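Just so it is clear: in the sequence shown, position 248 is 248 by the UniProt record's numbering, and no numbers are missing.
Data block below; observations after.
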Amino acid sequence: MNELKSFQVVYQERSMNQAAKKLYITSQGLGRIIQNLEKELGVQLFERSARGVEPTEAAELLHRHADHLIGEFEAIERALRQLCESGKHLRIGCARGVLNALSFQFLLDFIEKNPELSVTWREDANDSVKQSVIRMQSDAGLVVGRVNDENLEEVFLASKDVRILVYCGHPFYERSVLDLGELEEESILILNEQYQVYHDFTEACRREGFEPHITAMTEDSHFLYKLCKMRQGLGVVLDFSVDEFRMDGVRAIPLSNPIPWDIYLIYQKHCAAYPNVRRFCRYIEQKR
């Protein structure tokens, strides 16, 4: 597989010297790697020219398939590593905001009850967590929304809703519910693109036929609350997050057509029998 990776670098650089620098090996060493690959495949891959090396027709064919082959081999390596470590380690990916919704104590209790497992967790953007599970870089993921992948198992955990923060003195302040379309002319404060609520809200607005007028994006919901209280705009938050705020002079109003924020546990189906994943799934089932 290292030979194939070296081939790809030579193909891209069109130069043995430049490729060798990128690979941190000597030109002679790289030359031997390419020669071994040519011998193994029974074809010539490169022809020398005044500008460096030029790929042959065989090289063009190999290049078209090389990335897929490398990806498949790396997936096998990750799967084998995952299998070997399944009794010792558990890697959990968490979409931003999910641990606040479920409470961090939920995860901490699992870690404390399973001291024999080395548990590592990482917060990331929702799509990044989904991809990390698909690529087997995480054993399990706590994500927002479903994943269209037949190789993944999904377990519904909880559903939260979007609320609109409205400051005292705004015409909407006394309302019990808001229509999404009423926000078209409003200045909107929202968490940034790293948070799934940003994507869910903007997509919902587009379905209503307008682009939201976003005047501020942040990654701090407390700062968003302060901006709203300072009358800088209306805030887009999740229902559970307002529990952390002192709601003096600010109200969190639901939408007439709720924007759901559904939380799922996801993991590879073939990992269901692994001790670490099975233990985490059993714990979650008990907590639901």
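C-beta atoms are modelled at their ideal positions from N, C-alpha and C, and glycine is treated no differently.
For clarity, every value in this text was computed on a predicted model and none was experimentally measured.
Please list the segments of the alpha helix (DSSP H) lying wholly inside the region 101-179, counting only runs of 4 or more residues, in order along the chain.
-> Complete alpha helix (DSSP H) runs here, min 4: 104-113, 126-134.
Who are the near neighbours of G235 in its chain, counting only those whose CB is closer than 6 Å to its CB and skipping five residues on each side?
-> Excluding residues up to 5 positions away in sequence, L165, L189, L224, C228 lie with their Cβ nearer than 6 Å to the Cβ of G235 in the same chain.
Any non-hydrogen atom of the ligand SAM within 7 Å of T218 CB = The ligand SAM is not part of the structure shown, which contains no ligands of any sort.
Name the DSSP bridge partner or partners of residue 313?
-> In the structure as shown, the chain begins at 1 and stops at 288. Residue 313 is therefore absent and cannot be evaluated.
Could you check if P212 is buried or exposed, using at least 16 other CB atoms within 10 Å of its CB as the buried criterion?
-> Using a 10 angstroms sphere on the CB of P212, the tally of other CB atoms reaches 16 or more, which defines it as buried.
Ignore the nearest five residues each way along the sequence and tell me which others in F245's own chain have a CB closer than 6 Å to its CB.
-> Cβ neighbours of F245 beyond the five flanking positions: Y225.
Closest residue to I263 among I284, R278, G145 (Cα-Cα distance) = It is G145 whose Cα lies nearest to the Cα of I263.
Indicate whether S256 and L178 have their beta-carbon atoms separated by less than 8 Å.
-> In this structure, L178 lies closer than 8 Å to S256 by Cβ.
Residue environment, Q12, which counts as buried when at least 16 other CB atoms sit within 10 Å = Classification of Q12: exposed, given that the 10 Å Cβ count is below 16.
Cβ distance (whole Å) where F201 is taken to contact V237 below 8 Å = 10 Å between Cβ atoms; not a contact.
E219: first and last residue of the uninterrupted beta strand (DSSP E) it sits in = For E219, there is no enclosing beta strand (DSSP E), since its DSSP letter is neither H nor E.
If we ignore side chains and look at the alpha-carbon of each, how far apart do A259 and M230 end up?
-> It is Ile, not Ala, that sits at residue 259 in the sequence shown. Answer to the nearest angstrom: the Cα atoms are 26 Å apart.
Return the chain-ordered list of same chain residues with a C-beta closer than 8 Å to the C-beta of E185, the five sequence neighbours on each side being excluded.
-> Answer for E185: H213, listed in chain order.
Cβ contact (3+ pairs, closer than 8 Å) linking the region 105-121 and the region 60-70 = Under the three-pair Cβ rule at 8 Å, the region 105-121 does not count as touching the region 60-70.
Classify F46 as helix, strand or coil using the three-state DSSP reduction.
-> In the structure shown, F46 sits in a strand (DSSP, three-state: E or B).
Opening and closing residue of the alpha helix (DSSP H) in which residue 328 lies = The first residue shown for the chain is 1 and the last is 288, placing residue 328 beyond what the model contains.
Got a sec? Which residues, its chain only, sit under 8 Å from E182 by beta carbon, not counting five neighbours each side?
-> If we look at E182 and ignore the five residues flanking it on each side, its Cβ neighbours are F172.
Between the beta-carbon of V53 and the beta-carbon of R14, is there less than 8 Å?
-> At a Cβ-Cβ threshold of 8 Å, V53 and R14 count as neighbours.
To the nearest angstrom, how far is it from the Cα of A273 to the Cα of L142?
-> Near 19 Å, if we compare the C-alpha coordinates of L142 and A273.
In the DSSP assignment, what residue or residues form a beta bridge with L189?
-> Looking at the DSSP assignment, L189 forms a beta bridge with A216, G235.
Closest by C-alpha distance to S27, when choosing among V242, V43, F7, L41 = Sorting V242, V43, F7, L41 by C-alpha distance to the C-alpha of S27 places F7 at the top.
L90 lies in the beta strand (DSSP E); which residues open and close that run?
-> Per DSSP, L90 belongs to the beta strand (DSSP E) from 89-95.
Name the residue from E203, D139, Q194 whose alpha carbon lies nearest to the alpha carbon of N276.
-> With distances taken between Cα atoms, N276 lies closest to D139.
Spatial distance of residue 322 from R48 (CA atoms) = In the structure displayed, the chain extends from 1 to 288; residue 322 sits before or after that span and is not available.
Find out if the Cβ-Cβ distance for the pair I266, K130 is shorter than 8 Å.
-> Yes; because the gap between Cβ atoms is below 8 Å, this pair is in contact.
Helix, strand or coil at R251 according to DSSP, with G and I counted as helix = In the structure shown, R251 sits in a strand (DSSP, three-state: E or B).
So, are the CB atoms of G97 and Y167 less than 8 Å apart?
-> Contact: no.
Can you name the residues that DSSP bridges to P260?
-> Its beta-bridge partners are D161.
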